[in-house]
Every structure is written in structure tokens, then in C-alpha cells.
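Residue 345 in the working numbering sits at position 246 of the sequence shown, with consecutive numbering throughout.
Backbone N, C-alpha and C fix where the C-beta goes; we use that ideal spot for every residue, glycine too.
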Amino acid sequence: MLTHSLACAATAALCWPPVRGSAARLGVLAPSPARRGLPKPRKALALGLVPLLFVVPPMVWAAGALLGLAGWRQWQARRRSKSGLAMRRAMAEALHAMVVDLRAGGTPALAAESAAADAPRPVAEILDAVAGAARLGGNLAETLATVPTAEPLSAARRRLARAWSLSQRHGLPLADLLDAVRQDITAELRFTSQSEAAMSGPRASAMVLAALPVFGLLLGEGMGAHPTHILFATPSGNALLLLGTALITTGGAWSAHLTRRGAPR
């Protein structure tokens with residue numbers, strides 16, 4: 100009963116319209132004729148799943164929820180990894196642009212502003228802080244500490260502040276120091292790419308092992324044993340389905356953890 104209630108609440112949350120601002124609220128109250136009668140795909144999917152709440156056993160719903168949660172977490176992890184690589188690559192390109200401008204005779208403030216104009220937002224915020232510190236003569240480390248920075252850029256931010264401090268304290272060429280920071284980031288990106296290529300084989304093996312129970316079910320159906328009927332239509336089969344799903348998702352999460360340990364963060 101509790102599972103059914105939670106599933107109904109989740110379905111209601113999916114059907115709730117995304118309201119943004121007063122104009123959106125008015126649009127919900129009085130939709131235009133062009134949009135009237137055109138339900139969104141996720142609403143149609145949610146409404147189509149409502150009758151299944153009273154047909155599918157709770158343990159089957161729990162097994163499906165486990166699989167969905169595991170897939171969503173894997174997708175989020177891959178998305179964060181790709182986003183981190185893209186941000187670090189953008190930082191390396193921005194530092195290269197700054198180095199070119201500094202060696203051409205530009206000031207640090209103008210070089211940082213020029214690089215920030217073509218950089219994505221997380222990198223541009225750091226470069227804007229650099230430009231402000233260069234114009235006002237402030238402490239870059241303290242200025243960067245007030246800038247919200249994503250985790251993949253935290254190491255680059257510390258190196259940038261250290262290079263700036265060395266240039267201000269000892270009179271070293273800022274272009275050479277920034278180029279050294281860029282080379283460090285590029286080396287990390289190269290190592291990450293090599294690690295991802297090396298881990299592709301173990302990840303493929305983990306995916307094959309996770310899919311073996313599905314092939315076992317298909318083989319059993321072909322032999323006439325009807326394992327799907329036992330798993331989905333009997334209480335003991337429901338319990339085994341939930342247990343097997345939990346083991347598969349746990350194994351997949353552990354395999355993903357092992358294959359991510361070699362990549363720098």
C-alpha cells in the first residue's frame with residue numbers, strides 16, 4: 100500500500116506543470132489554442148503508467164525503481180565527468196589565449212578580459228576575478244576565494260593564484276607561469292583520456308556481466324521454463340527479482356567506482 104502511495108505521488112509530481120514567472124502562470128490558467136490538447140510526452144507516459152500501479156506487484160515496482168535509480172546515477176556520473184573535462188579544457192584554452200596576449204604586450208587585465216569573452220561561464224568568472232585583481236591591485240587568492248568555482252576547476256584556480264602570487268612577489272614573467280599552469284592542465288587531460296581508454300575494456304566487461312541475467316531469462320523462455328512468469332507472478336519470484344536487481348545494481352555501482360579511481364579529479 101505504501102509503495103502504491105509513493106508511486107502515485109511520483110506520478111503526480113511528473114504531471115505537475117513547470118511554472119516559471121507570472122506569464123507562465125497565466126499561460127497555465129489560460130492556455131493558447133495552439134497548445135491546448137497537446138500533452139507533453141512525459142505527462143502522457145506518466146498517465147499511461149497509472150493503471151500499472153494496481154497491476155504490478157510492489158516488489159516488481161521496487162526492482163524497477165532500483166534499475167532506474169542505478170541508470171540515472173550512471174548517467175549523472177558520466178555527465179559530470181564530461182562536463183569536468185570540458186571545463187578544464189576550456190580553462191587550458193583560456194590560459195593559452197592569455198599567454199598569447201601577454202607575450203604580445205598586452206596587460207594582464209586586458210588579457211584576462213579578452214580570454215573571458217570567449218570562455219564558458221565557470222571559466223569566465225575566474226578570469227573576470229583575475230581582471231579585477233589586476234586592475235585594482237588586489238590579492239588574487241582572496242578574490243578567487245569569493246568566486247563560486249566548480250570542483251573540476253578548483254585545482255586550476257589554486258595554481259592560477261599561486262602563479263599570480265609568484266609573479267607579483269618575485270617579478271617572474273606572468274606569461275611563462277600561466278603557460279606552465281596550462282601545460283599542467285593539458286597533461287592531466289591527456290592522462291585522463293588515456294585512463295578512460297584503458298578502462299573501456301573493463302567497463303564493457305562489467306556491462307556484459309550485468310546483462311547476463313537477461314540472456315539467462317531469454318534462454319529459459321526459449322527452453323519453456325517460463326522464468327519470467329515465476330519472477331513477475333509469484334511472491335517468491337518477486338522476492339528473488341528484487342534481490343537479484345539489488346545485487347546487479349550493487350555490482351554495477353562497485354564496478355563503476357573501481358573504473359573511476361584512476362582518473363584525476
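Practice prompt. Would you mind reading off the limits of the alpha helix (DSSP H) that contains V441?
Written response: Absent from the model: residue 441. The displayed extent of the chain is 100 to 364, so no value can be given.
Fill in: Per-residue DSSP class, three states only, for L271
coil
Item to complete: Go through its chain and collect everything with a Cβ distance to R281's Cβ below 6 Å, but skip five positions before and after it.
Response: A191, L194 and H195
Worksheet item: Within the chosen definition, does the region 306-317 reach the region 279-294 through at least 3 CB pairs nearer than 8 Å?
Response: no
Worksheet item: Between P157, R258, G237 and A233, which lies nearest to G205 when the distance is taken from Cα to Cα?
Response: A233
Fill in: Where the alpha helix (DSSP H) through L168 begins and ends
P157 to R202
Discussion item. Rounded to the nearest angstrom, what separates R256 and I225 at their Cα positions?
Written reply: 8 Å
Practice prompt. May I ask which residues mark the beginning and end of the alpha helix (DSSP H) holding A355?
Written response: P334 to R359
Worksheet item: Quick one: what does DSSP say H325 is sitting in, helix, strand or coil?
Response: coil
Discussion item. Among the candidates G231, A185 and L239, whose CA atom is the shortest distance from the CA of R220?
Written reply: A185
Discussion item. I'd like to check one pair, L276 with L265: are the Cβ atoms closer than 8 Å?
Written reply: yes
Fill in: Residues of its chain near T349, where Cβ-Cβ distance is below 7 Å and the 5 sequence neighbours each way are ignored
none
Worksheet entry | P207 burial status per 10 Å Cβ neighbour count (16 or more: buried) | buried
Worksheet item: Heavy atom of the ligand FAD less than 7 Å from the Cβ of S180, yes or no?
Response: For the ligand FAD, the structure offers nothing, since it holds no ligand at all.
Worksheet entry | L252 - containing alpha helix (DSSP H), residue span | Here L252 belongs to no alpha helix (DSSP H), and DSSP marks it neither H nor E.
Discussion item. Considering just the uninterrupted stretch of the alpha helix (DSSP H) at D227, what are its terminal residues?
Written reply: R220 to L235
Practice prompt. Reducing DSSP to helix, strand and coil, say where D217 ends up.
Written response: coil
Worksheet item: Whose C-alpha, out of A210, S180 and L243, is nearest the C-alpha of R359?
Response: S180
Practice prompt. Determine, using beta carbons only, whether A162 and L346 come nearer to each other than 8 Å.
Written response: no
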